[in-house]
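The sequence shown begins at 1 in full-length UniProt numbering and counts up one residue at a time.
Glycine included, C-beta positions come from ideal geometry on N, C-alpha and C.
Values in this document were obtained by computation on a predicted structure and should not be read as measured data.
To keep things clear, I will list the structure first and then write my remarks on it.
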Amino acid sequence: MSNRCDVSGNKAVRIAVSGASGCGNTTVSALLAERLGLPLVNYTFRNIARELGISLSEVLERARTDNRFDKAVDARQLCLAMRSSCVVGSRLAIWLVKDAALKVYLLASLKERVKRVLQREGGDVQDVERFTSMRDAEDMSRYKKLYRIDNTNYSFADLVLNTEGCDQETVVSIIIEMLCARGIAW
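The structure is reproduced here in structure tokens:
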């Protein structure tokens, strides 16, 4: 069975998926790209940390005072996204990929996001909750300062999904159904 909709006139299609840490945007973006047979664009602070040989925490610390980190991630993400049809997964994808055929925002409560981060990375519940809350606040502050983006206002997204109680495959299926319902070919 094909994952593709039977729609003619296919051109470059970008699907943007955003959400806060632990909402599932990285996993969902990867699964969606795989199911659609499209490249995944997901260049983040984690990539920069690996490239520089430092921890994610250190990158986040440096990004507090040096906006070159955000600018580098976002410029690289956009450059990669503009090459072809793709799935773009990042905190700011739905804001930065202006021509995205579908903009998806994923939600989950802080409690659920902390649970997911713990499953992925381990650690102490209170430390992870404190770090996640801090990161949310710092991200929001940086995005407002750098781009005048309020990342708590995602009302313009084409699809807003609460991922609590849903497995990733269900979330991906809902996104694909939305693509097909809108006649978006990939």
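Take the alpha-carbon of G89 and the one of S18: they are about 6 angstroms apart. Of K145, E58, M178 and I94, the smallest CA-CA separation from A157 is found for I94.
Taken through DSSP and simplified to helix, strand or coil, L92 comes out as coil. Per DSSP, the unbroken beta strand (DSSP E) holding N162 starts and ends at L159 to N162.
A residue is called buried once 16 or more other Cβ atoms fall within 10 Å of its Cβ, and A12, having fewer, is exposed.
Here the C-alpha atom of G123 lies approximately 15 angstroms from the C-alpha atom of S133.
Closest in C-alpha terms to C23, from the list L179, M178 and D167, comes D167.
The beta carbons of W186 and L36 sit about 5 angstroms from each other, so the pair counts as a contact at 8 angstroms. By the beta-carbon neighbour count (other beta carbons within 10 angstroms, threshold 16), K103 is buried. Taken in chain order, the unbroken stretches of beta strand (DSSP E) that lie wholly in the segment 87 to 139 and span 3 residues or more are 102 to 107. In the three-state scheme derived from DSSP, where H, G and I count as helix and E and B as strand, S18 is classed as strand. Judged by their CB atoms, I48 and V73 are nearer to each other than the 9 angstroms cut-off. Sorting F131, A75 and M178 by C-alpha distance to the C-alpha of V114 places F131 at the top.
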